[in-house]
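This report concerns only the one structure given below.
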Amino acid sequence: MTVGISEAAARVGADDVFVLRRVTGRRFVHLGGVGRGEGWAGIVEVAIDDEKPLADALDGEQIVRLENGGREFIFGPYYAHAAAIVPVIPDVVVVFGSPDGTIDADDATLSDAAGAAAAAAGPVGPAKRLADEYELLEAVRRAVAVPPTPVADAAASIAGIAAESLSCEFGALYLAETDTLVIAERGYSLSITEDELRTTLKDFLWRRDFPYCIQDAGTTPLPGALAKEAGIRSYYLLELTGAAEGVLLVVHTDAAPRGFTILCRALGERIAQVASAVLGVGLTREWTGAEAARLQAAFGELES
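For the sequence shown, the numbering used here assigns the number 1 to the initial residue and increments by one for each residue that follows.
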């Protein structure tokens, strides 16, 4: 966190600050900030046309204020009770946010603070990039280390690793070959039945619309019976391939509303790749064991 950005946050009473700079056309990358904005530096990228409040601020050259009844979607992966979106024309948008409070500073103070934050934000440093890369590596290592059999236990372990690595409160994994469903609960339980969840994931698998990442479930509800789950705020569906054909689901909930950063999405895709390999081996081992037992029994009947 640079001094300029932290001072800007203090001037407007913001817990979180994001400095988004244009990289090409209508795409912006988050360079640095305070609070969530510091931890997510370099791993948030948005298309401004998909983010109406940001587009309104930039295109209208005006400050856009948002205030919600609780933590609601602001932009990208960020949720907050209140936010002020301030354009620094032509290539920067600064977001001041408060997860639980308000942003009461006047327009002049917000504009001055946004200008200072924009001037202070530089490229993401190598230490931050290396830390993000190491986080991805550790998640992959944990998934690779899961014993392939029993398959149900392996699937449960991988669902748990995926949910934990992406800071999600719930994860589920469905395998088509065996119609297996496993669940990882980390502070959230579904109201629908396991059979309803199994059917929903099975149906989504045949859509072949992967990866499917939704930052605001309020505007794009979950598929099937999952649409009943009012507590889910964002969700990510990933495909498992090969012998382990299936679906991996992770969600953020009311417990800690947020979405998925670029790093989160990369983590999810790599874990899904590893899951496909590990569970594919496990399914093959279980099949060969069952087939060997069947053939041995058949030979035994012939000999008798």
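Glycine included, each C-beta is placed from N, C-alpha and C at the ideal position.
Problem - Cβ shell of VAL146 (< 7 Å), same chain only, five flanking positions each side left out - result: Listed in chain order, the non-local C-beta contacts of VAL146 below 7 Å within the same chain comprise ALA154, SER157, ILE158, VAL278, local neighbours out to five positions each way being set aside.
Problem - Alpha-carbon to alpha-carbon, ILE85 and ASP112 - result: 13 Å
Exercise for the section: Determine the extent of the beta strand (DSSP E) in which THR180 is found, giving its start and end residues. Expected result: 180–185
Exercise for the section: Alpha carbon to alpha carbon, how far is ARG233 from GLY218? Give it in angstroms, no decimals. Expected result: 7 Å
Practice task
Taking all protein chains shown into account, decide if THR220 is buried (16 or more other Cβ within 10 angstroms of its Cβ) or exposed.
Solution key: exposed
Practice task
Go ahead and pull the three-state DSSP assignment for SER167.
Solution key: Three-state DSSP puts SER167 in coil, outside helix and strand.
Problem - The beta strand (DSSP E) enclosing TYR236, as first and last residue numbers - result: 232–240
Exercise for the section: Measure the Cβ-Cβ separation of VAL124 and LEU249 and say whether it is below 8 Å. Expected result: no
Exercise for the section: Inspect the beta-carbon positions of GLY246 and LEU237 and report whether they are closer than 8 Å. Expected result: no
Exercise for the section: Determine, using beta carbons only, whether ALA243 and ALA143 come nearer to each other than 8 Å. Expected result: no
Handout entry: Helix, strand or coil at ASP106 according to DSSP, with G and I counted as helix
Key = Note: ASP106 maps to coil in three-state DSSP.
Handout entry: Per-residue burial, TRP40 [other beta carbons within 10 Å of its own, 16 or more giving buried]
Key = buried
Exercise for the section: On a CA-only basis, which of VAL93, LEU263, VAL17, ASP16 is nearest VAL23? Give me that one, please. Expected result: VAL93
Practice task
Please list, in chain order, all residues of the same chain as ILE183 whose beta carbon is under 6 Å from its beta carbon, the five residues on each side excluded.
Solution key: ALA172
Practice task
Identify whether THR305 lies in helix, strand or coil by the three-state DSSP scheme.
Solution key: Not covered by the structure: residue 305. The range shown for the chain is 1 to 304.
Handout entry: C-beta atoms of ARG11 and THR109 nearer than 8 Å
Key = yes
Exercise for the section: Go through its chain and collect everything with a Cβ distance to ILE214's Cβ below 7 Å, but skip five positions before and after it. Expected result: THR220, SER234, TYR235
Handout entry: Segment contact flag, the stretch 295–304 with the stretch 162–171, C-beta cutoff 8 Å, min 3 pairs
Key = no
Practice task
Out of GLY42, GLN62, PRO99, state which residue places its alpha-carbon closest to the alpha-carbon of GLY122.
Solution key: GLY42
Exercise for the section: Have a look at the DSSP bridge pairing and note the partners of CYS213. Expected result: For CYS213, which the question treats as bridged, DSSP gives the partners TYR236.
Problem - C-alpha gap between GLN62 and ASP56, whole angstroms - result: Note on geometry: alpha-carbon atoms of GLN62 and ASP56 lie some 8 Å from one another.
Problem - Rounded distance between the beta-carbons of PRO99 and ALA80, thought under 8 Å - result: 5 Å
Problem - Where the alpha helix (DSSP H) containing SER391 begins and where it ends - result: Residue 391 is absent from the structure shown; the chain starts at 1 and stops at 304.
Problem - Residues near VAL64 by beta carbon distance below 6 Å, same chain, minus five either side - result: The residues are PRO53, ASP56, ALA57, ILE85.
Problem - Pair within 8 Å by beta-carbon distance, ILE5 and GLY35 - result: Taking 8 Å as the Cβ cut-off, ILE5 and GLY35 do not qualify as a contacting pair.
Exercise for the section: With a 10 Å radius around its C-beta and 16 neighbouring C-beta atoms as the bar for buried, classify THR200 as buried or exposed. Expected result: In this structure THR200 is buried. Its beta-carbon is surrounded by 16 or more other beta-carbon atoms within 10 angstroms.
Practice task
Have a look at ALA131, VAL95, GLY101 and flag the residue whose alpha-carbon is nearest the alpha-carbon of ALA114.
Solution key: When only C-alpha atoms are compared, the closest one is VAL95.
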